[in-house]
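The sequence shown begins at 13 in the numbering used here and counts up one residue at a time.
From the three backbone atoms N, C-alpha and C, an ideal C-beta is built for every residue, glycine too.
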Amino acid sequence: LRKSAHATTTVQAVADLVLDVVDTPGPIAVGQPITYEIHVRNRGMKSAEGVDVVAFFSEGIEPEKVEGHGHELQPGMVVFKTLPSVGAAQERILKITARATTGGNHRLRVELHSANPQTDLSQEDSTFFYADEAPTTTSSNTPNASTEATGVRYATSAAPATFTPLNAA
13 LRKSAHATTT VQAVADLVLD VVDTPGPIAV GQPITYEIHV RNRGMKSAEG VDVVAFFSEG
73 IEPEKVEGHG HELQPGMVVF KTLPSVGAAQ ERILKITARA TTGGNHRLRV ELHSANPQTD
133 LSQEDSTFFY ADEAPTTTSS NTPNASTEAT GVRYATSAAP ATFTPLNAA
């Protein structure tokens, strides 16, 4: 006696994109350059096609130098030209050097959109920048490095030396 069976298996390769943002450990002095690396990685077994990457900076920090791929540098943002493809098991590294003009926490948000496979990813990073000189006012309501480091945000009222916490009830 003999018994046999036949099975057909279809294997479909797919792209699997991952987005990571790596920066210099902070805090960083205002005016000093910081380099952000944007890692676009394809963990899949098929190429990803039509990959768009845009980097947005918060107010107080501006991009000034870009490496790794064609781009358009605009105030507060970098728009990379479309990556035609990111191959299977391939990684593309895009670098942006920026410089803060004001102290405090500044954010970078990177968005990735891919046509094939349809993918939308985003990654945010926050870096604390400190000013080298001490504040010019010594009012007890003026924020100092310790209150700024706790994440308490301040808004200026009508009098320049008076501050009100935004998170006050």
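Three CB pairs or more closer than 8 Å across the stretch 123-130 and the stretch 105-115: no
Span of the beta strand (DSSP E) holding Thr109? To locate residue 109, count along the sequence shown from 1; it is residue 97. It spans Glu103 to Ala112 - the beta strand (DSSP E) in which Thr109 sits, taken as one unbroken run.
Based on the DSSP output, what are the partners of Glu71 in its beta bridges? Taking the first residue of the sequence shown as 1, we reach residue 71 at position 59. Paired residues: none, contrary to the question.
With DSSP collapsed to three states, give me the class of Pro39. For the purposes of this step, residue 39 is identified with residue 27 of the sequence shown, where counting begins at 1. Of the three classes helix, strand and coil, the one that applies to Pro39 here is coil, per DSSP.
Does the distance from the CB of Pro39 to the CB of Thr139 come in under 9 Å? Translated into the one-based positions of the sequence shown, residue 39 becomes position 27. Translated into the one-based positions of the sequence shown, residue 139 becomes position 127. It is a contact, given that the beta carbons lie within the stated cut-off.
Delimiting residues of the beta strand (DSSP E) encompassing Val91: In the sequence shown, counting from the first residue as 1, residue 91 sits at position 79. Counting along the chain, the beta strand (DSSP E) containing Val91 begins and ends at Met89 to Phe92.
Of the listed residues Lys93, Thr36 and Glu71, nearest to Val65 (C-alpha basis): As a position in the sequence shown, residue 65 is number 53, starting the count at 1. Ranking the options by Cα distance to Val65, first place goes to Lys93.
Other residues of its chain near Thr36: CB distance less than 7 Å, five sequence neighbours each side excluded: In the sequence shown, residue 36 corresponds to position 24, counting from 1. Taken in chain order, the residues that qualify are Ile46 and Thr47.
I need the boundaries of the beta strand (DSSP E) containing His83, first residue and last residue. As a first step, residue 83 is located in the sequence shown; it is residue number 71 there, counting from the start. Note, His83: beta strand (DSSP E), His83 to Gln86.
Residue range of the beta strand (DSSP E) that includes His51: For the purposes of this step, residue 51 is taken as residue 39 along the sequence shown, with counting starting at 1. Here the beta strand (DSSP E) through His51 covers Pro45 to Asn54.
May I have the straight-line CA-CA distance separating Val52 from Leu31, to the nearest angstrom? Mapped onto the sequence shown, residue 52 falls at position 40. Mapped onto the sequence shown, residue 31 falls at position 19. For Val52 and Leu31, the distance between alpha carbons rounds to 5 Å.
Taking only three categories from DSSP, how would you classify Leu29? Position 17 of the sequence shown, counted from the start, is the residue given in the question as residue 29. Reduced to three states, the DSSP call for Leu29 is strand.
What does the alpha-carbon distance come out to for the pair Val63 and Ala41? For this step, residue 63 is matched to residue 51 along the sequence shown. For this step, residue 41 is matched to residue 29 along the sequence shown. Rounded to whole angstroms, Val63 to Ala41 spans 34 Å at the Cα level.
Determine the contact status of Ile50 and Val33, defining contact as a CB-CB distance below 9 Å. In the sequence shown, residue 50 corresponds to position 38, counting from 1. In the sequence shown, residue 33 corresponds to position 21, counting from 1. For Ile50 and Val33, yes; Cβs fall inside 9 Å.
Of the residues Val90, Gly56 and Ala17, the one placed nearest Gln102, counting alpha carbons only: Position 90 of the sequence shown, counted from the start, is the residue given in the question as residue 102. Out of Val90, Gly56 and Ala17, Gly56 has the C-alpha closest to the C-alpha of Gln102.
Per DSSP, Ser134 is paired with what? Taking the sequence shown and counting its residues from 1, one reaches residue 134 at position 122. Bridge partners of Ser134: Glu123.
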